[in-house]
Amino acid sequence: MTTARLDEPAWRLRDRVARGECSAVEIAREALQRIEARDPDLGAFLWMDAEGALASAAQVDRARASGQPLGPLAGVPVAIKDNLCVRGTPTTCASKILEGWVAPYDAHVVERLRAAGAVIVGKTNLDEFAMGSSTERSAFRVTRHPLDRERSPGGSSGGSAVAVAAGMVPLALGSDTGGSVRQPAAFTGIVAIKPTYGRVSRYGLVAFASSLDQVGPMASDVRGAALGLDVIAGHDGRDATCSDRPVPEHMAAADQPARGLRVGVCRDGLEGCEPGVVRALELATQALRDAGVSTHDVALPHARLGVSVYYLIATAEASSNLARFDGVRYGLRIERGDALETTAATRATGFGPEVRRRIVLGTFVLSAGYYDAYYLKAARVRTLIIRDYEAVFARCDALLGPTSPTAAFRLGERLEDPLSMYLADVFTLPPSLAGLPAMHVPFGRDERGLPVGVQLVGRPFEEPTLVRLASALESRAPR
Amino acid sequence: MLLRRGGLRRERHVCYYGLALMSISRDEVRRIAELARLELDEPTLEALRADLARILDYVAELDTVDVSAVEPTFHAPPIDARLRPILPSTPLLREEVLAAAPRHEEGAFAVPRILEGS
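Order-wise, the sequence lines are chains A and B. Residue numbers 1 to 479, in the working numbering, belong to the letters of the first sequence in order. Residue numbers 1001 to 1118, in the working numbering, belong to the letters of the second sequence in order.
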């Protein structure tokens, strides 16, 4: 049988399984074969669970055979970023400090995926503790771009992005604190949604910056990403920040026309973008007009300060969250004379350079004498960024702008200069600071053939509006 | 209300500490690393100091806006946190949790000596 089923989007695979056109086990085998064939030189996965995947797939096939109702992701292979707990599998956050730690429970989103019939095939690579924008900061392996092995797939959810972009799975989960699903989606030419803060439970997501972290779907098409959000969104009492607002149907929104929506186009910061990125924005703006969307020039005067605000707030929160890695409860321990020395030696050995840098910066901005000048000031400027969005959303339904200032950059290009790496997030950070839903939609390629695209940002909990617009863009994207 | 008044008092310090005046010394980085429980050697401390100095220099751009009358945001809105009912549930199994720890004894995490003479 010639198989190219995995090149189909998640929702179509599920329909094929439901109609009995192919079995979940066949699809799972195909996914595992593709991972074995393609991953050795891409490095998307840190852990493959062939046994578990085949068992879940067989369960879906049995359910179908006995006429039981099938879940919305029945038989769909899904990859999980390795900062999400999957019971019985290693969860390392790509850090030596967690090497060998096996999660004793499932994250909320993983429970949801299982209940929906998804087939979890493995854990994907990331920048250590999701701190990075290139996936080069993994303690275990570098993840490479499927179109050019010398380029980065972006990060921190680079493993999940490559698993989808290279056709190993049609759907993956990532986490996004300041752009970590959107920027790798932009680099690899896939779709990703960073949901509204509070839309998805973080129970079982290893915490990085608690006022920003969200789990988001990454998929080969808009409907697939929306379906992923349908499955993982909704209330969970185990995350106190998780909203109990009803969850609308995101995938169904892809069939609603975008006509009549008002979209603000933000051109701030375009002078720092590659020509291919600027061109994608102009073409996408025109495509939305062609779809009957009205576009309006808008400005977000304080968004330019997003990098500074983010790297003060996120590091402060990270320094606190990562205090739990003390050599007592998980993974690594470097034994020294007493408990304090053991903790300091374990942390210095177990954390890589970027994590150490952020912990030290975060500890500094929270320390006596500097808190007001750095952390508190950043928190006040954060308010101004939020107000900018409120003003724009009083007259627009969504915002359109770039996701990343560049297409995929070369491996090593920014590794030695932390600030240049931080600036890769300049467009994804402001919506994160404001807790807003944001989505990357691919829109053609640049002159080198590298994927480019645009970012849509919406009002709180208005992900369906983003899906409507994304769907209009997808059907008009340059081939 | 008390919190709000505290916030206003802090305002004066914000004016006092201009970000542009900040730089960071090796001793300062050493002290911070100790607070963060990171045992770092001298070359690592120096590299960190240089990185931090550049980052702090960059974030000094926040001085270009006057935020003295702006309330800080500590959590991205909207946050509709709710109290949840406390219901019996199945906790994690002690053996499973301990199995993931570097050392355990008699059903507890085992740590090196904490107190003198213990």
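Yeah, the Cβ is synthetic: ideal placement off N, Cα and C, and Gly gets one too.
Within-8 Å CB hit, residue i to chain A
i: B/D1027; result: no
i: B/P1102; result: yes
i: B/R1037; result: yes
i: B/T1090; result: no
i: B/R1094; result: no
i: B/E1042; result: no
i: B/A1076; result: yes
i: B/A1033; result: yes
i: B/A1081; result: yes
Chain B within 8 Å of residue i, Cβ atoms only
i: A/S319; result: yes
i: A/R199; result: no
i: A/G327; result: yes
i: A/W47; result: no
i: A/S471; result: no
i: A/R380; result: yes
i: A/Y311; result: yes
i: A/W101; result: yes
i: A/G306; result: no
i: A/D213; result: no
i: A/Y330; result: yes
Nonlocal neighbours in the same chain, by C-beta distance under 6 Å from residue i, ignoring five residues either side
i: A/L355; result: For clarity, residue 355 of chain A is Val in the given sequence; the question names Leu instead. Counting only Cβ-Cβ distances below 6 Å, and skipping sequence neighbours, we find E128, F129 and M131.
i: A/L270; result: V278
i: A/A345; result: I334 and R336
i: A/L305; result: V381
i: A/D239; result: S201, R202 and Y203
i: A/A209; result: T177, A314, E317 and A318
Inter-residue Cα distance where the pair is residue i and residue j
i: A/E99; j: A/T349; result: 12 Å
i: B/A1020; j: A/R329; result: With a pLDDT of 49 at B/A1020, under the threshold of 50, the modelled position of this residue cannot be trusted; read the value that follows with caution. When rounded, the distance between both Cα atoms is 41 Å.
i: A/T343; j: A/L227; result: 43 Å
i: A/M218; j: A/V467; result: 13 Å
i: A/L322; j: A/P246; result: 33 Å
i: B/D1041; j: A/A316; result: 23 Å
i: A/A115; j: A/P301; result: 44 Å
i: A/T484; j: A/R14; result: Residue 484 of chain A lies beyond the residue range present for chain A, which begins at 1 and ends at 479; the question has no answer from this structure.
i: B/R1103; j: A/A107; result: 25 Å
i: B/I1055; j: A/L419; result: 7 Å
i: A/D504; j: A/S471; result: Absent from the model: residue 504 of chain A. The displayed extent of chain A is 1 to 479, so no value can be given.
i: B/A1053; j: A/G167; result: 43 Å
i: A/S160; j: A/R259; result: 33 Å
i: A/E490; j: A/V25; result: Lying before the first or after the last residue shown, residue 490 of chain A is absent from chain A, which here runs from 1 to 479.
i: A/E462; j: A/F393; result: 11 Å
i: B/D1080; j: A/P195; result: 15 Å
i: A/A407; j: A/F325; result: 35 Å
i: A/H440; j: A/D397; result: 17 Å
i: A/D372; j: A/R448; result: 46 Å
i: A/A18; j: A/P146; result: 31 Å
i: A/T241; j: B/F1074; result: 13 Å
i: B/A1110; j: A/R347; result: 17 Å
Same chain, Cβ closer than 7 Å to residue i, neighbours up to 5 away in sequence not counted
i: A/Y105; result: C85, R87 and G204
i: A/G178; result: L212, Y310, A314, D425, T428, L429 and S432
i: A/A118; result: L73, V76 and V78
i: A/R112; result: V231 and I232
i: A/W11; result: R223, G224, L227 and M251
i: B/V1029; result: L1045, L1048, R1049 and L1052
i: A/A480; result: This structure does not reach residue 480 of chain A, given that chain A is present from 1 up to 479, and the question cannot be answered.
Close Cβ partners of residue i (< 8 Å) along its chain, the five nearest in sequence each way excluded
i: A/Y480; result: Residue coverage of chain A in this structure runs from 1 to 479, which leaves residue 480 of chain A outside it and unanswerable.
i: A/L507; result: Nothing can be reported for residue 507 of chain A, as the shown portion of chain A is limited to 1 through 479.
i: A/V102; result: G88, T89, P90 and T91
i: B/E1011; result: Any reading at B/E1011 needs caution, since the residue's pLDDT is 35, under 50, leaving its predicted position unreliable; the model's value is listed next. Only S1068 meet the Cβ criterion.
i: A/V164; result: A79, P170, L171, A172, T188, I190, M218, A219 and S220
i: A/A53; result: A28, A31, L32, P77, V119, I120, V121 and G122
i: A/V307; result: Y422, L423, D425, V426 and L429
Bridge partners - residue i, DSSP secondary structure assignment
i: A/G174; result: A/G216
i: A/I334; result: Paired residues: none, contrary to the question.
i: A/K194; result: A/A438
i: A/C266; result: A/V298
i: A/K123; result: A/W47 and A/I80
i: A/V102; result: A/P90
i: A/V151; result: In the sequence on display, residue 151 of chain A carries Arg and not Val. BP columns for A/R151 point to A/R410.
i: A/A145; result: It is worth fixing the name first, because residue 145 of chain A is His in this sequence and not Ala. According to DSSP, which records beta bridges pairwise, A/H145 is partnered with A/D148.
i: A/G453; result: A/P442
i: A/V200; result: A/A233
8 Å Cβ cutoff, residue i in contact with chain C
i: A/G435; result: Absent from the structure: chain C. Protein chains present are A and B.
Exercise. Would you call the region 241–260 of chain A and the region 375–385 of chain A in contact, with 3 or more CB pairs under 8 Å?
Worked result: Taking 8 Å as the limit for Cβ pairs, the verdict is that the region 375–385 of chain A does not touch the region 241–260 of chain A.
Exercise. Within the chosen definition, does the region 447–467 of chain A reach the region 385–402 of chain A through at least 3 CB pairs nearer than 8 Å?
Worked result: yes
For this session: Determine contact between the region 288–299 of chain A and the region 251–267 of chain A, defined as no fewer than three beta-carbon pairs at a distance below 8 Å.
Result: These segments touch.
Exercise. Are the region 434–449 of chain A and the region 384–398 of chain A in contact at 8 Å, needing three or more beta carbon pairs?
Worked result: yes
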